[in-house]
Amino acid sequence: MIKITLPDNSVREFESGASSLDVAKSISEGLARNVLAAEVNGEVWDATRPLTADSNVKLLTWNDTDGKSTFWHSSAHLMAEALEALYPGVKLGIGPSIENGFYYDVDFGDHEFSSEELANVEKKMKELAKQKNVYAREDISKADAVKYFEEKEDPYKLDLLEGLEDGQITFYKQGAFTDLCRGPHIPHTGFIKAIKLMSVAGAYWRGDEKNKMLTRIYGITFPKAKELTEYLERLEEAKKRDHRKVGQELDLFTFSQRVGQGLPLWLPKGTTLRERLENFLRKAQQKAGYQQVVTPHIGSKDLYVTSGHYAKYGEDSFQPIHTPHEGEEYLLKPMNCPHHCEIYRSRPRSYRDLPVRLAEFGTVYRYEQSGELHGLTRVRGFTQDDAHLFCRPDQVKEEFGKVIDLVLYVFKSLGFDDYLAQISLRDKEDRAKYIGKESDWDRAEKDIEEVAAEKGLKTVVEYGEAAFYGPKLDFMVRDALGRSWQLGTIQVDYQLPQRFELEYKDSDNSLKRPVMIHRAPFGSMERFIAILIEHTGGNFPLWLAPEQFTILPVSDKYNDYAYDVMSELEEAGFTGTVDARAEKIGRKIRDAEVQKTPYMLIVGEKEMDGNAVSVRKKGEGDVGTMSVSDFLALFKKETAV
RNA sequence: GCCUCAUUAGCUCAGCUGGUAGAGCAACUGAUUUGUAAUCAGUAGGUCACUGGUUCGACUCCGGUAUGAGGCUCCA
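Heads up: the first sequence runs through residues 18 to 658, numbered per the working numbering.
In structure tokens:
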């Protein structure tokens, strides 16, 4: 007999060889019907795999992340089975689960697989799912595995096998399909009730562009049809909120072929939104002791040779601009830090001056591969809400902590409540891609980890995600649709101060080297606004809305009064317009609603006589008539950040 | 940059297997003076992304280029 300990610490006894599924059955049949996999001593196993020793068992269902990923991984196998049935001779690459569903990379040989064929594959999958084929695990020797795939002439699986050790290789079989797979899998295909193949895309074998391009088929599956419907509805909602679409509808920004790809043009309303955000941050930074600076959009090539960026990115950047006669070379600035370093150097600094905090909404230009460009989230010219903090080594932790406070204040003010801090450290093996002294790195990495812990941040550590000059703390926020975005970043840097020979006179009269902290709470204005648009669906908080109110006169007899009210509101610092068109009030309301204007003020006979406005709130409707001064008070209260 | 797909009026989209284009909204003109989500009528607007080719004839078929979309790779 073996002892199985469940998460609630209860212990049950079973005969050796019983499976997690048997454990589930002993609790309830209903549970057994929903068990997809089990976590056995911290490792995810097939629910059907025999337990042969005392173990801690956690049963995994659809509600567990690992349960879901097992479900989707098994779905990938199901799709592979359908593909083999429909397209004999296809070669299979890898088929993992992903955040939303799964994919399988397939080599169709000469056949060009088109998205129109997806429905057919889906049908076959449904057919196979109904057969409730069991996913069977089998240990196999490396030699036998190689033999199997040699006979099948599958170069990709053979490639994978090369990296595996004998004795650790398993096959999984369901129905007529056998795959090299570590597992685990759900008990049988019958669990997969709702299937949707989403799209087809190209993907290089092993993600290396030197390798052959395979056809990647994305799909998603669910244990219930209703969940698939809900998922598709969420996708629809995301599509509706796409910042590229909303940006066009609300006249925020545009692109022009003539200007160039990846170079956004900000329209008046978008500019207002952007300036409101900048002013908000400027104010917060002023309070936190930052000083605003302005630097040019280009800089001598030498500046970037000094910073080390030219060596690393020169080839993959916009190429230098040459002066006509002197043969000088300038680069469009890809970042602001070198310029800020020179500002630091502009005069001798004392230890009493530090920290020096230089902030700039600095526009930078980076050559991004054409295929990478995407709306406002990935562009070639963008503005960073940048700042560089020059401090003494003993101030690093405190300064870093203050930056965290600022970033969190920004998130809170803008309604991003769900976030995670990612500590980005060096790659554990490949150290060649980083510059600077080992001891500096060690210290910086340690500082970041400590401050994050002291601030009580929810963190994850990612190795290999550091910048080439130092470790980072990146904030990942989750938006209203549950999608995760990387926003603000804070980076510790010992390298640039050294390369630029930055110094300060310490209390003992010796020259010391300051430490730099790079930080950007928004990241870039462009990207942040894109995320904000999708987070809010274009329904910006009142204090950010480009047009905060529209005054709607019932007829042109009241236009003069409408303009009077507008002046009064504008004088109080708010922005809006009068819709003076010869349209009916219903039409004016509709247009203001479509433009997502937060407040509509309807004025006619009554209002003019009483120096009042009828207030209509977007999405809510009529909220009654009030005097202009009462409305102003309400407005002021609501725009306070 | 690579793979796949797309590009028709300012916007959203029709246009069957080749016979040079159409709607709704927007714009403009006129009428209407309007009370909480679209007033009516008229006018104008397109080298069908660009560029080669096949054809008696190309929006339609084929090649190239540009731009966009979904991926891959990349991201100071």
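Ideal placement from N, C-alpha and C gives every residue a C-beta, glycine not left out.
Computed from a prediction, not measured in an experiment: that's the story for all the values here.
Using 10 angstroms around the beta-carbon of residue i, count the other beta-carbons present and answer buried if the total reaches 16, otherwise exposed.
i	result
I234	buried
E377	buried
S387	exposed
E416	buried
D647	exposed
D403	buried
H128	exposed
H339	exposed
G487	buried
N526	exposed
Q185	exposed
D491	buried
Rounded to the nearest angstrom, how far is the Cβ of residue i from that of residue j, given a contact under 8 Å?
i	j	result
D196	H94	6 Å
P240	T65	Incorrect: roughly 17 Å between the Cβ atoms, too far for contact.
W89	F119	4 Å
A49	D83	The pair is not a contact, with the Cβ atoms about 18 Å apart (cut-off 8 Å).
K286	E467	About 44 Å separates the two Cβ atoms, so there is no contact after all.
H357	V310	7 Å
T656	W560	4 Å
Y436	R495	7 Å
P540	T506	Note that residue 540 corresponds to Gly in the displayed sequence, not to Pro. The pair is a contact, with the Cβ atoms about 6 Å apart (cut-off 8 Å).
K489	S441	4 Å
V632	I602	At roughly 14 Å, the Cβ-Cβ gap does not stay under 8 Å, so V632 and I602 are not in contact.
Between the alpha carbons of residue i and residue j, how many angstroms are there, rounded?
i	j	result
K635	D422	33 Å
M352	Y327	12 Å
G106	Y165	14 Å
G392	G279	8 Å
S114	H260	28 Å
R409	L519	11 Å
G331	Q148	58 Å
A609	I546	21 Å
K653	S644	14 Å
A579	V595	7 Å
K159	K169	15 Å
H405	V373	8 Å
S456	D510	12 Å
K414	K454	19 Å
P341	I360	28 Å
E98	D171	15 Å
V582	N80	55 Å
I452	K318	20 Å
H535	R366	19 Å
L348	E253	42 Å
A162	F125	22 Å
E343	Q303	41 Å
S671	V74	The chain is shown only over 18 to 658; residue 671 falls outside these bounds and no answer can be derived.
T238	L135	14 Å
Y575	L284	30 Å
K623	G593	22 Å
F407	D25	51 Å
E144	Y121	19 Å
K522	Y307	21 Å
E462	Q412	15 Å
F566	R293	16 Å
With distances taken between CB atoms, is the gap from residue i to residue j smaller than 8 Å?
i	j	result
Y368	S334	no
T69	I111	no
D444	G481	yes
Q508	A484	yes
V52	I21	no
L618	L569	yes
L214	V123	no
L298	P538	yes
L103	V138	yes
G236	I212	yes
T400	T380	yes
R251	L498	yes
V61	T87	yes
Q: Ignoring anything shorter than 4 residues or poking outside the stretch 211-257, list the alpha helix (DSSP H) runs there in chain order.
A: 242-257
Q. What runs of the beta strand (DSSP E), each 3 residues or longer, lie entirely inside the stretch 325-350?
A. 346-349
Q: Go through the stretch 415-467 residue by residue and report every complete run of the beta strand (DSSP E) that reaches 3 residues or more, in order.
A: Within the stretch 415-467, the complete beta strand (DSSP E) runs of at least 3 residues are 436-442.
Q) In the stretch 580-628, which residue ranges form an unbroken beta strand (DSSP E) of at least 3 residues, counting only runs that do not cross its ends? A) 593-595, 616-620
Q: Just list the alpha helix (DSSP H) runs in the stretch 130-205, keeping only unbroken ones of 4 residues or longer that don't cross its boundaries, in chain order.
A: 135-147, 159-169, 172-179
Q. Considering only residues of the stretch 532-574, which uninterrupted beta strand (DSSP E) runs meet the minimum length of 3 residues and lie entirely inside it, listed in chain order?
A. 532-537, 566-570
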